[in-house]
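In the working numbering, the protein residues as written are 32 to 316.
No residue lacks a Cβ here, since even glycine has one placed at the ideal position from N, Cα and C.
In this text the structure is predicted, and so the values were computed from the model without any measurement.
Remarks on the structure that follows.
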Ligand code: G3H
Ligand code: 13P
Ligand code: ZN
């Protein structure tokens with residue numbers, strides 16, 4: 032069934048719900064069938080890029096069908112940047128909205144989030160404070176890189192958001208290794224001390240972006256410190272593309288796309304099942 036992000040309240044401190052980015056039917060089916068088999072709740076999320084690629088009508092309709100399989104499914108906007116996208120998602124039945132105002136000055140971020148919360152009416156809202164490397168990494172110093180716990184407390188109080196994405200040193204996209212080296216060079220690392228401080232001051236579930244390729248032991252620590260939603264995109268893209276590449280190499284004569292996409296779906300499904308186990312959300316549906 033389609034539910035909102037309040038399922039994170041139940042998870043907080045015990046397990047995390049995987050939030051998987053999807054762009055097409057194959058990714059969606061792979062994520063859902065993995066979670067059905069694991070009896071896990073799941074967050075299906077689409078970025079504005081996914082909406083531009085597939086169309087909001089297709090994405091929302093497919094997700095609604097996918098939600099009829101007996102597990103709780105949240106349909107979530109990931110990194111919304113435009114209020115018009117927020118309105119469109121609400122109109123098309125999304126049950127949860129992230130507006131990413133993390134690049135805005137604090138007061139502007141607060142004002143915009145308040146607007147999103149008032150538009151959302153019953154849907155849950157995720158906000159972000161701090162800078163997650165990769166997409167948003169034009170950052171010069173550690174000071175404005177990690178989420179400031181004082182600012183986080185104030186932000187949640189002022190905006191009334193339901194969950195908060197924090198920047199503690201994870202990164203969007205590939206090459207986490209390069210980034211960890213880059214982070215080391217700049218003195219950055221995964222800051223569990225900051226996460227702990229935020230979780231002591233903020234009641235709402237916390238969200239970890241850039242969750243691909245984070246070590247299982249670090250994931251466990253994050254969950255203990257209040258992270259209840261973990262975003263995964265890159266690991267799925269890599270699994271899908273690797274499978275398609277290998278298939279074409281091995282079977283250059285095949286021209287039926289279904290033959291090439293079936294193993295890709297299986298590869299994505301395997302990754303999702305592994306994540307669900309790592310996040311501890313199996314049998315929680
Ligand atoms: O942060 C979200 C994704 O990993 C990037 O997604 O390429 O659809 O914007 P996008
Ligand atoms: P990854 O690039 O690590 O998969 O992060 C995805 C994400 O945070 C989407 O919002
Ligand atoms: Zn993200």
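> What span of residues does the beta strand (DSSP E) with residue 260 cover, start to end?
Replying inline: 258–263
> Mind pulling the beta strand (DSSP E) runs of 3 or more residues that sit fully within the stretch 134–199?
Replying inline: 155–160 and 194–197
> Given residue 50, which residues of its chain have a CB within under 6 Å of its CB, disregarding the five upstream and five downstream residues?
Replying inline: 74, 76, 260 and 262
>> Output needed for residue 145: all residues of its chain with C-beta closer than 8 Å, excluding positions within five of it in sequence on either side, in chain order.
In response: 189, 190 and 191
> Under the three-state reduction of DSSP, which class applies to residue 237: helix, strand or coil?
Replying inline: strand
>> Here's the rule I'm using: 16 or more other beta-carbon atoms within 10 Å means buried, otherwise exposed. How should residue 265 be labelled?
In response: buried
>> Could you check if residue 109 belongs to the surroundings of the ligand ZN, using beta carbon to heavy atom distance under 8 Å?
In response: yes
>> So, with DSSP's three-state summary, where would you put residue 58?
In response: helix
> Under a three-way DSSP split, which group does residue 49 fall into?
Replying inline: strand
> Is residue 129 helix, strand or coil when you go by DSSP?
Replying inline: strand
> When every heavy atom of the ligand G3H is checked, does at least one fall within less than 8 Å of the C-beta of residue 203?
Replying inline: yes
>> Does the beta-carbon of residue 134, which I'm using as the reference point, lie nearer than 8 Å to any heavy atom of the ligand G3H?
In response: no
> Do you know how far the Cα of residue 200 is from the Cα of residue 253?
Replying inline: 12 Å
>> With the cut-off set at 9 Å, would you say residue 141 and residue 194 are in Cβ contact?
In response: no
>> Could you check whether the Cβ of residue 155 sits closer than 8 Å to any heavy atom belonging to the ligand 13P?
In response: no
>> Using 8 Å as the cut-off, can you tell me whether the stretch 59–71 makes contact with the stretch 288–305, which would need three or more C-beta pairs spanning the two stretches below that distance?
In response: yes
>> With distance defined between alpha-carbon atoms, name the residue in 281, 245, 99 and 45 nearest to residue 202.
In response: 245
> Can you name the start and end residues of the beta strand (DSSP E) that residue 80 belongs to?
Replying inline: Unbroken run through residue 80 is the alpha helix (DSSP H), 79–85; no beta strand (DSSP E).
>> Since residue 147 and residue 187 should fall inside the 8 Å C-beta cutoff, what is the C-beta to C-beta distance between them, to a whole number of angstroms?
In response: 14 Å between Cβ atoms; not a contact.
> What number of angstroms, rounded off, separates the C-alpha of residue 139 from the C-alpha of residue 104?
Replying inline: 31 Å
> Do the CB positions of residue 165 and residue 204 come within less than 9 Å of each other?
Replying inline: yes
>> Is the beta carbon of residue 155 closer than 9 Å to that of residue 35?
In response: yes
> What is the DSSP secondary structure of residue 102, reduced to helix, strand or coil?
Replying inline: coil
>> According to DSSP, is residue 205 part of a helix, a strand, or is it coil?
In response: coil
> Rounded to whole angstroms, how far is the Cβ of residue 185 from the Cβ of residue 223, which I believe are closer than 8 Å?
Replying inline: About 22 Å separates the two Cβ atoms, so there is no contact after all.
> Who pairs with residue 123 in a beta bridge, going by DSSP?
Replying inline: Residue 123 pairs with nothing; no bridge assigned.
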